[in-house]
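Visitor:
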Amino acid sequence: YFWRKGKGKNGKRPPNNWLSTFEGGAWEYDKGLDEYYLHVFAKKQPDLNMDNPKVREEVKSIMRFWLDMGVDGFREDVITFISKKEGLPNGFPLPIATGVEHYNKGPHIHEYLKEFRHDVLNHYDCFVVGESPMTGADDALSFTEGQDKELDMMISFDHMQADCFMTDTISTPFNLQKDEVGIYTLAEKLYGRA
528 YFWRKGKGKN GKRPPNNWLS TFEGGAWEYD KGLDEYYLHV FAKKQPDLNM DNPKVREEVK
588 SIMRFWLDMG VDGFREDVIT FISKKEGLPN GFPLPIATGV EHYNKGPHIH EYLKEFRHDV
648 LNHYDCFVVG ESPMTGADDA LSFTEGQDKE LDMMISFDHM QADCFMTDTI STPFNLQKDE
708 VGIYTLAEKL YGRA
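For the sequence shown, the numbering used here assigns the number 528 to the initial residue and increments by one for each residue that follows.
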């Protein structure tokens with residue numbers, strides 16, 4: 528996980544200004560450790576520190592366990608958020624998900640997904656779909672196309688921008704054109720390629 532000391536007088540301020548995608552701060556203080564842990568979603572979903580090779584090895588071990596048990600594949604939730612920018616710098620202020628520019632399709636995302644593909648997934652007859660907010664059709668191709676693809680398919684949320692900003696907690700008036708563009712652009716660009 529990502530553990531950090533707090534900032535400010537007595538370390539009572541979070542390590543940076545990141546906000547959760549669900550609402551509120553992305554850091555939760557643990558009194559017993561006197562440190563904060565990072566959760567870009569719910570407090571009960573702390574982010575794994577994929578920069579740690581031991582964490583990636585454990586994830587691969589879990590994948591192998593389930594594949595050996597006979598599962599046909601995985602839906603990898605918000606998979607494009609697993610790589611964080613070194614140092615976890617402050618983010619551009621947004622109503623939610625402040626800091627997202629430092630972890631959406633982060634610096635090592637392709638490296639980590641290729642590692643999972645080469646070390647585990649290529650050794651099984653399985654299917655992997657990545658759920659990926661803030662990922663357009665061109666981005667999706669970078670994950671799903673070619674001999675060295677990282678994922679078999681991607682779920683994008685571009686169509687959700689038709690009636691919200693980033694997440695359904697910030698509603699906007701429905702826009703049919705945004706809905707159509709979000710759905711059809713992805714389908715047209717990925718058809719027969721991913």
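Think of the CB as a built atom: it goes at the ideal place given N, C-alpha and C, for glycine as much as any other residue.
This structure is a prediction, so every number in the text was calculated from the model and none was measured.
1. In three-state DSSP terms, what is G657?
2. Quick one: give me the first and last residue of the beta strand (DSSP E) that M681 is part of.
3. Use the C-beta contact count for F608: other C-beta atoms within 10 angstroms, 16 or more gives buried, fewer gives exposed.
4. With DSSP as the reference, label D557 as helix, strand or coil.
5. List the endpoints of the continuous beta strand (DSSP E) containing A565.
6. Consult DSSP for D601 and reduce its assignment to one of helix, strand or coil.
7. Return helix, strand or coil for G552, following the three-state DSSP convention.
8. Between L615 and T671, how many whole angstroms is the CB-CB distance? I'm expecting something under 8 Å.
9. Three-state secondary structure (DSSP) at W545?
10. At what residues does the alpha helix (DSSP H) containing V582 begin and finish?
Guide: Straight from the coordinates:
1. strand
2. 680 to 683
3. buried
4. strand
5. A quick correction: the sequence has Leu, not Ala, at residue 565. From DSSP, the beta strand (DSSP E) with L565 extends over 562 to 565.
6. According to the sequence provided, residue 601 is Phe. The question's Asp does not apply to it. F601: strand per DSSP, three-state reduction.
7. strand
8. The pair is not a contact, with the Cβ atoms about 28 Å apart (cut-off 8 Å).
9. coil
10. 580 to 595
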